[in-house]
Structures are given as structure tokens and as C-alpha cells.
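Visitor:
Quick look at the structure:
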């Protein structure tokens, strides 16, 4: 506990700043105003300030002051493990004892809870998902809520579904606020909230919420937009420019696959001379923490990251942020570039746009908006259950994908329609109605934000000014240093990559193996079968030639894979190369060609070429029709089961079969076809999927 002796918030600030920033450090403009607002009993304060302003210093000072008066601990609700780790370290530098309860330190929970009960912890950091956990709520929050000295909601824009990063579990914050001692002050902080988001947060926190806004311009950032490049050229541009970029930094991509592919492209060129690593949400917490520390310690030149590395990551001397593809919102873009230049005079920020970004934006715009038929299907499955149901059970019963089930359950829980218990999910019985008007409004806002990003890419006005205006900053004005204000790209940026770099990246990426993991569970529901797929009906691990919208296959994606025609030579070469590198469980003895996406010439041509090269018999498996584009997982699996049952099965008895399929997003055709062939006597099914398309 801090040893603050003076009774004023100013003296507490001086003591904490002396430790955090060194002797003689003073408060920045606006910090004292925020601190004074928090000294009022029951205060509700929302601070909107630029990244690097020092929002965390405000709540460490307030905590120190409150603890010196005998008040309870501070609860910080924070969205990311990386942010929590940084905040725990910062709190301890401020003389406070901090702890976090999260999935990476379960073994420490009991001791932390005992320390909380004993009053020896000053700051507890939890995620909004932890608040939604019924066991945590019953064991910790019920005893803690009334005794808190301060509640901090960090990255508070996530509370609002008008914000760029709405998270349903953040709505649990309002449940905590309702149960607080009325005298407990609440501080919400964010760097990325426009007027509409601010109004929404204030309405949730209470009519007397004090909103404190500061200017959002970042004088240390030099923003630039490059001329439009195709996806492969963007990879090559990063490969060419990385050694010349200042210090160490972050290269953002829009997808996990792009982060991993770009990392490999950079390593193939520079190796240990320019160390990089991919950072995505698919890594475990220990791996992410290690990579964060590698970047912080300048042991890597860059992390090639998805948005998983974003809010709260603190490296004061981060020298650059490059975006390989534009985020769908100027607000999220501002948040990500705000990682750079926090304690240095100059950091370089560059956006590499491509025509394909629009498709990703459309996906993000609609991905979190529920569709009424899907919600009805989920509620029907939940309402018909006698016991609480798990997410996998609901996936099987509803036919919805697991990620969609999880998202919908959380969204419904916000409105009290569903409830998570220690045993699973239940329906509360509260009637549900679809708020079409609200979701239409959210979608319209997201599409307007995409239009702002198009304006940013075109360079219609000063780049920093446009970002500030998107956040309703009244002090927005031209920065004088971005690529629009200068009329040119800043050094060392050039508009185009070297042609030989483009060719080298294409060759490297086309040579990589793409594994097709077999499905392990039947979908349930109308399909009629659920549970684990028997070993005697399962496919082996397969291979994919073209994954999603892979940059290295842009020409094929625009041509051969969109129409039914004989396969081009480069596709045949890739298939032969993949088979040569494949470590078989058994070598194929025959080939079956199945068109799942209406390309029988394409898939048949590939099968014939492979059969000729390997001296294997080839059979074409003719199936009528394709499933509807909006088919659910259950519907698609059912379609393929029925369509394949009506077809004439190939003669595969006793053989190891290479099953060649033109395209699929879900992979259900692979699973169902493999089961049919195994039941027809095939010993082994080795799937080769020409295109794992985007569903």
C-alpha cells in the first residue's frame, strides 16, 4: 500500500509521478482536472485523451490517494492480457501492489483471493470475460463489489456497440456499477471514442457522467498512404523496406494467414539480419507475452501482427507502424497507429492499401450483427433443453458454427435473454425481439466509417486531421507533415517494390504446404448424426493448394478458380509439388475427382494430370448441384450427404484414394465424401482441396 501522508490529491500526484516519471515530473494538461473530478463521492468520469497522454497515471494516482484514506482496492476492467501485464508492472512502479486474475495464472488465484480478503492488494485487474464467469462472480465479485475504492473501465469504447471494438462482455460493466457502493467513483478511459460513442457510454454510466476530452493530434507521428498495390506487391514492399524503417515496430495485417505468410516472406530474405515474428490471437498467452517482450527489448525488428496486438501494448520508443491493408474504421486505425511514437519525436506510419480490402471491410461490418433466423435457431435449441448446454452442444443442435454460437450467447446475455451458469448456458425465459432499427443503424455507422477510410486512402485531406475529425476532435487541423500535406512520400518510403522481390515472394509462398485438418465431429441437428466421426469414416490430414485469397495466387483467384476451364500450368505444378512434399500415411493407389463448386473441367484436369504423372487410375464423381451460399453448417453437410447418396459411387474398395476437390469454404464436402468412400471400402482418403475459399 502507498505511504501517501498528505491529504491532497496534488501531493499524491507528486509522489506517484516522482516514482513513475522521475524527480520534477509534473501533471500534463487535463490530468489534474480528471483527478479532482474523481475526488467527489460517486463520481462518474469519462476521459478521452490521445494514446500516450497518461490515462493510467490518473488512476494510479487516484488509487494511491484513496488507499491512503483507507478506501478499498481499485478494480481495473481491461480487455487484453498484454494490457494487464503492462498495467500490473506500471502499478507496481507507482508503489501499488497489483494482481490480475486471468486464464494464464489460474494457479495463483487462491493466493490472490486470500490477499484481497486480507486487504493487501491495491489493484485488481480483470477482463470483461472474467466478469461474465459465474464462478468468478459468485466467489469474488459478490464480496468485493461493495468494498471497492475505485472502478476503472479501460478502453471504454468497447462498452458501446457504436464503437470500433464492441465486446458484448463489456456490458457486464454496467452490472458491476449497479451493485457498487453509491460513493464509489468510476473512471472510464479511451483514446478512440467519437461523440456518439461518448454519449452511449455516458448514458450507461449515469446522467451525471463528467466527460473530459483533450486534443487527439499526435505530433510525433508522420502519416503516409502509398499508391494502391496488389496483395503480393504489398508483401514485397515490406520485405524491401523493413531494414530501412526507424527502430523497431509493428506491421499489421488484416488476417492471421497474412501475418504468417508475410513473416515467412521476410525471413526468407533477411534471416537473422532482420528478425521478425508473427503475432496473432491463435498464440497462447505465454508465447504472446514472450513476443511482446522481444519487441519491447528490440530483440526483433518487427512483429507482424493482427489486431490482437493493439489496445494497451506499451513500447514508448516504437519507431514505426505499417498496415498491410486498411482496417475498416478510421477509429480503429487511429488506435493501432497510436502504439508508435509515444516517447520519441518521430515515428513513421504507412498504410499500404489494396482493392481487395473492401471485401474484408464488408465482412467486419456484418460479422458481429446477429441475424434473426440464427438467433431463433439458437434459442429453440436452448429452450428445448432440460439442462444447461455447452457451446459445443449448442453448435451441434443449432447447426451454427461455434464462434457464432459463442458470440450470439454473449449478445443475448447482455439483454438478459440467456445466462451462463457454472454448468453451461440456459435461457432465462425473457422474451426476445429483433431490434432491426438498431442494427441497421450500427451497420450504417460502420459503412460510413469505411467511406472515411476510402477518403483517407485517396488523400482527400490532411491524414491526421481526418483521423481527428472521425473522433469529433474540435481541435483538428492540418498537421503539415503527412504525405498529403507534403505532397510526397516521406523518406525512406518508395511507392513500388522491386520486381525481383515480388517474384521471389511469389515463388516462396507458392511452395509452402497448406494443411487441411480433418473435421472430427458430426454436425448433429437435421444431419441426424452427432458426436465424434468414427475412425473408419474419417479422412486423413489433407492439403490445400490455394488458401482463401492468398496473395501469391492472385492471378489464379481472378481467373481459373472463378470459372470452369482446364487447369493452368502453374496450378498443375503446384499440385505436383505438393504431392512430392506430402508425407503420406499411405501412397495413393487411385484418384477421385469431385466438383463441389461447379468446376468439373478444372478438377478433372488436375486429377488427369496427377494420374498421368503417378500412373494412377482416375475416376470422376459426378454430383448434381451445389449447396446454397447461405447454408448453415448442418444444412451444407446434409446437402452433401443427400447429393452423394443419389450419385454413383466410384469403385474404391480396398484402395488408398487421393480425393481431389475444386473448392470449399467449410470443408463439409470433404468430410462427407470421405465418409461415403470409406463406407464403400476405401482404406484411406487423402483430400487435396484446390481452393479453401472464404465462406
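Numbering (the working numbering), first residue to last: 283 to 977.
All residues carry an ideal CB built from backbone N, CA and C; glycine is no exception.
#1: Cα-Cα, which of 499, 732 and 962 is closest to residue 744?
#2: Straight-line CA distance for residue 870 to residue 926?
#3: Per DSSP, residue 602 is paired with what?
#4: Got a sec, what are the start and stop residues for the beta strand (DSSP E) residue 803 sits in?
#5: What first and last residue would you give for the alpha helix (DSSP H) that runs through residue 561?
#6: How big is the Cα-Cα spacing for residue 783 and residue 768?
#7: Under a Cβ-count criterion, where at least 16 other Cβ atoms within 10 Å of its own Cβ denotes burial, should residue 236 be classed as buried or exposed?
#8: Could you check the C-alpha separation between residue 868 and residue 938 for me, to the nearest Å?
#9: Short check: CB of residue 621 to CB of residue 308, under 9 Å?
#10: For a quick check, are the C-beta atoms of residue 406 and residue 462 less than 9 Å apart?
#11: What three-state label does DSSP hand residue 944 in the structure shown?
#12: For the alpha helix (DSSP H) containing residue 483, name the first residue and the last one.
#13: Give the list of continuous beta strand (DSSP E) stretches no shorter than 3 residues that lie fully inside the segment 662 to 741.
#14: With a floor of 4 residues, list each alpha helix (DSSP H) that falls wholly inside the segment 307 to 355, ordered by position along the chain.
#15: Look at residue 325 and residue 467 and say whether their C-beta atoms are less than 9 Å apart.
#16: Quick check: the segment 876 to 886 against the segment 943 to 953, are at least 3 beta-carbon pairs closer than 8 Å?
#17: Using the rule of at least 16 other Cβ atoms within 10 Å of the residue's Cβ for burial, across every protein chain shown, is residue 829 buried or exposed?
#18: Here's the rule: buried if 16 or more other CB atoms are within 10 angstroms of the residue's CB, otherwise exposed. What is residue 984?
#19: Does the separation of the CB atoms of residue 874 and residue 816 fall below 9 Å?
#20: How would you label residue 960, buried or exposed, when you count the other beta carbons within 10 angstroms and need 16 or more for buried?
#21: Buried or exposed: which applies to residue 281, given that a residue is buried once 16 or more other Cβ atoms fall within 10 Å of its Cβ?
#22: Can you check DSSP and say which residues form a bridge with residue 881?
#23: Can you check whether the CB of residue 442 is closer than 9 Å to the CB of residue 361?
#24: Which of helix, strand or coil does DSSP assign to residue 903?
#25: Residue 876 and residue 951 - do their beta-carbons sit closer together than 9 Å?
#26: Classify residue 476: buried if its beta carbon has 16 or more other beta carbons within 10 angstroms, exposed otherwise.
#27: Just reading off the alpha helix (DSSP H) that residue 502 is part of, what are its end residues?
#28: Are the beta-carbon atoms of residue 560 and residue 542 separated by less than 9 Å?
#29: Output the distance between the C-alpha atoms of residue 862 and residue 894, rounded to the nearest integer angstrom.
#30: What do you get for residue 982, buried or exposed, if any count of 16 or more other CB atoms within 10 angstroms of its CB means buried?
#31: Quick one: give me the first and last residue of the alpha helix (DSSP H) that residue 648 is part of.
#32: Using the three-state DSSP reduction, which class does residue 886 fall into: helix, strand or coil?
#33: Which same chain residues, not among the five before or five after residue 290, have their C-beta less than 6 Å away from its C-beta?
#34: Buried or exposed: which applies to residue 395, given that a residue is buried once 16 or more other Cβ atoms fall within 10 Å of its Cβ?
#35: Taking the alpha helix (DSSP H) that residue 745 falls in, what are its first and last residues?
#36: Which partner residues does residue 301 have in the DSSP bridge list?
Guide: In short:
#1: By 1-based counting over the chain shown, the position of residue 744 is 462. Among 499, 732 and 962, the Cα nearest to that of residue 744 is on 499.
#2: Sequence index remark: in the chain shown, residue 870 carries index 588 (1-based). Sequence index remark: in the chain shown, residue 926 carries index 644 (1-based). Spanning the two alpha carbons is a distance of roughly 22 Å.
#3: As a working mapping, residue 602 is identified with position 320 in the chain shown. BP columns for residue 602 point to 531 and 630.
#4: Position 521 of the chain shown holds residue 803. First-last of the beta strand (DSSP E) with residue 803: 803 to 805.
#5: Residue mapping note: residue 561 aligns to position 279 of the chain shown, counting from 1. Segment 558 to 561 is the beta strand (DSSP E) holding residue 561; no alpha helix (DSSP H) there.
#6: For the purposes of this step, residue 783 is identified with residue 501 of the chain shown, where counting begins at 1. For the purposes of this step, residue 768 is identified with residue 486 of the chain shown, where counting begins at 1. C-alpha separation (whole angstroms): 28 Å.
#7: Because the chain spans 283 through 977 in this model, residue 236 falls outside it and cannot be assessed.
#8: Residue 868 sits at position 586 when you count from the first residue of the chain shown. Residue 938 sits at position 656 when you count from the first residue of the chain shown. Their Cα atoms are separated by approximately 7 Å.
#9: By 1-based counting over the chain shown, the position of residue 621 is 339. By 1-based counting over the chain shown, the position of residue 308 is 26. Cβ distance not < 9 Å, so residue 621 and residue 308 don't count as in contact.
#10: Here residue 406 refers to the residue found at position 124 of the chain shown. Here residue 462 refers to the residue found at position 180 of the chain shown. Contact: no.
#11: By 1-based counting over the chain shown, the position of residue 944 is 662. Residue state, collapsed to three classes: strand.
#12: As a first step, residue 483 must be located in the chain shown, where it is residue number 201. Segment 477 to 487, the alpha helix (DSSP H) holding residue 483.
#13: 700 to 703 and 706 to 709
#14: 313 to 320 and 337 to 350
#15: Here residue 325 refers to the residue found at position 43 when the chain shown is read from its first residue. Here residue 467 refers to the residue found at position 185 when the chain shown is read from its first residue. Cβ distance < 9 Å, so residue 325 and residue 467 count as in contact.
#16: yes
#17: In the chain shown, residue 829 corresponds to position 547, counting from 1. With 16 or more neighbouring CB atoms inside 10 Å of its own CB, residue 829 falls in the buried class.
#18: Limits of the chain in this structure are 283 at one end and 977 at the other, which puts residue 984 out of reach.
#19: Along the chain shown, read from residue 1 onward, the residue named residue 874 stands at position 592. Along the chain shown, read from residue 1 onward, the residue named residue 816 stands at position 534. Residue 816 sits away from residue 874, with the two beta carbons spaced by 9 Å or more.
#20: Working through the chain shown from its first residue, we reach residue 960 at position 678. Buried.
#21: The chain is shown only over 283 to 977; residue 281 falls outside these bounds and no answer can be derived.
#22: Looking up residue 881 in the chain shown gives position 599. Looking at the DSSP assignment, residue 881 forms no beta bridge with any residue, so it has no partner.
#23: Residue numbering aside, residue 361 sits at position 79 when the chain shown is read from its first letter. Residue numbering aside, residue 442 sits at position 160 when the chain shown is read from its first letter. No, the Cβ-Cβ distance between residue 361 and residue 442 is not below 9 Å.
#24: By 1-based counting over the chain shown, the position of residue 903 is 621. Looking at residue 903 - three-state DSSP - the assignment turns out to be strand.
#25: Here residue 951 is taken as the residue at index 669 of the chain shown, counted from 1. Here residue 876 is taken as the residue at index 594 of the chain shown, counted from 1. Contact: yes.
#26: Taking the chain shown and counting its residues from 1, one reaches residue 476 at position 194. Result: buried.
#27: Here residue 502 refers to the residue found at position 220 when the chain shown is read from its first residue. First-last for residue 502: undefined, no H or E at that position.
#28: Locating residue 560 in the chain shown gives position 278, counting from the first residue. Locating residue 542 in the chain shown gives position 260, counting from the first residue. In this structure, the beta-carbon distance from residue 560 to residue 542 falls below 9 Å.
#29: The count along the chain shown starts at 1 and reaches residue 862 at position 580. The count along the chain shown starts at 1 and reaches residue 894 at position 612. Between residue 862 and residue 894, the C-alpha separation is close to 14 Å.
#30: Missing from the structure shown is residue 982; the chain here goes from 283 to 977 and no further.
#31: Locating residue 648 in the chain shown gives position 366, where the first residue counts as 1. 639 to 649 is the span of the alpha helix (DSSP H), which, as asked, contains residue 648.
#32: Walking along the chain shown from the start, residue 886 turns up at place 604. Taken through DSSP and simplified to helix, strand or coil, residue 886 comes out as helix.
#33: Within the chain shown, the letter at position 8 stands for residue 290. Once the five neighbours on either side are set aside, residue 290 has no close Cβ partner at all.
#34: Within the chain shown, residue 395 is the residue found at index 113, counting from 1. Buried, by the Cβ-count rule.
#35: As a working note, residue 745 is residue 463 in the chain shown. Its alpha helix (DSSP H) spans residues 745 to 752.
#36: As a working mapping, residue 301 is identified with position 19 in the chain shown. The partner list for residue 301 (beta bridge, DSSP) is empty, contrary to what the question assumes.
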